[in-house]
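Working notes, structure below.
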Amino acid sequence: MSGLRAAPTGCMIVVVGPSGAGKDSLMALAASRLAGRSDIAFVRRMVTRAGNAGGEAHRPVRPDEFEATAAAGGFAVFWRAHGHGYGIPAATIEAVRSGRCLVANGSRAALADFAAIYPSLAVIRVTADRDCLMARLTARGRETAAEVSSRLDRPEPALPAGLAVYTVDNSGDLAEAGRRFAALVEAIADRQA
194 MSGLRAAPTG
204 CMIVVVGPSG
214 AGKDSLMALA
224 ASRLAGRSDI
234 AFVRRMVTRA
244 GNAGGEAHRP
254 VRPDEFEATA
264 AAGGFAVFWR
274 AHGHGYGIPA
284 ATIEAVRSGR
294 CLVANGSRAA
304 LADFAAIYPS
314 LAVIRVTADR
324 DCLMARLTAR
334 GRETAAEVSS
344 RLDRPEPALP
354 AGLAVYTVDN
364 SGDLAEAGRR
374 FAALVEAIAD
384 RQA
């Protein structure tokens, strides 16, 4: 028997889907359900949006702080969408190298960047039907009805080829979708072990 061990490798799970699909809700349920798993962690991304804006638990930053962090290499991946900057901390690269499985709220448009940084990448695509999305986005109160409708009419961007993509429909019961989502995260992490 050799004394050599394979280098640990974890994975990055990027959660994507349209606004209102419930990504943050599913991630919060899964984080609670998987709290006992030291090998799974949920990434808190930096966003140029107020901390009390509702939705995800993010680290709010001013636009100038975001730009300085990006220029200093403080993000593994960052992107801009809907007037805001979003960044995944650079520390996640070492966490994945050390064997942890991380779950991050990402962007379909940034998946090629995620794939370039994290060699072991899985994508969980959260979906919901149009009526459900309309109701959730309207309830947020961040956009007018016309803006919500325009957002829902935009074509969904294509995902890069070659990625492991899993889908969770969150149109119905949140608890059930949360159970399926957490089980999927756990299964992906177990395959990395």
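Quick note: the sequence shown, position 12, residue 205 per the numbering used here, numbers continuous. Ideal Cβ positions, reconstructed from N, Cα and C, are used throughout, including at glycine. What you are looking at is a predicted structure, and each value in this text was computed from that prediction instead of being measured.
Residues near Y359 by beta carbon distance below 6 Å, same chain, minus five either side = The sequence position of residue 359 within the sequence shown is 166, counting from 1. So the list reads I317 and L377, once near-sequence residues are dropped.
Could you please give the first and the last residue of the uninterrupted alpha helix (DSSP H) stretch that includes D324?
-> As a first step, residue 324 is located in the sequence shown; it is residue number 131 there, counting from the start. For D324, the uninterrupted alpha helix (DSSP H) segment begins and ends at R323 to R333.
Given a cut-off of 9 Å, decide if V296 and A234 are closer than it, judged by their beta-carbon atoms.
-> On the sequence shown, residue 234 is found 41 positions in, with the first residue counted as 1. On the sequence shown, residue 296 is found 103 positions in, with the first residue counted as 1. A contact, by the Cβ cut-off of 9 Å.
Write down every uninterrupted run of the beta strand (DSSP E) in the stretch 235-317 whose length is 3 residues or greater and which is fully enclosed by it, in chain order.
-> Listed in chain order, they are 268-274, 277-282 and 294-298.
Does DSSP classify D383 as helix, strand or coil?
-> As a first step, residue 383 must be located in the sequence shown, where it is residue number 190. Here DSSP, grouped into helix, strand and coil, assigns D383 to helix.
Enumerate in chain order the residues of its own chain whose CB-to-CB distance from S195 is below 7 Å, with the five nearest sequence positions on each side excluded.
-> Taking the sequence shown and counting its residues from 1, the one referred to as residue 195 is at position 2. Note that S195 scores 38 on pLDDT, short of 50, meaning its location in the model is unreliable; the coordinates nonetheless yield the value given after this. Apart from the 5 residues on each side of it in sequence, S195 has no Cβ closer than 7 Å to any other Cβ in its chain.
Of the listed residues G215, C204 and V207, nearest to A332 (C-alpha basis) | Taking the sequence shown and counting its residues from 1, the one referred to as residue 332 is at position 139. The shortest C-alpha separation from A332 is found at G215.
Would L303 pass as a contact of V254 if the rule is Cβ separation under 9 Å?
-> As a working note, residue 303 is residue 110 in the sequence shown. As a working note, residue 254 is residue 61 in the sequence shown. In the sequence as displayed, the identity of residue 303 is Ala instead of Leu. No; because the gap between Cβ atoms is not below 9 Å, this pair is not in contact.
Work out the CA separation of V289 and G278 for me, nearest whole Å.
-> Within the sequence shown, numbered from 1, the residue matching residue 278 stands at position 85. Within the sequence shown, numbered from 1, the residue matching residue 289 stands at position 96. Distance between the alpha carbons of G278 and V289 is about 23 Å.
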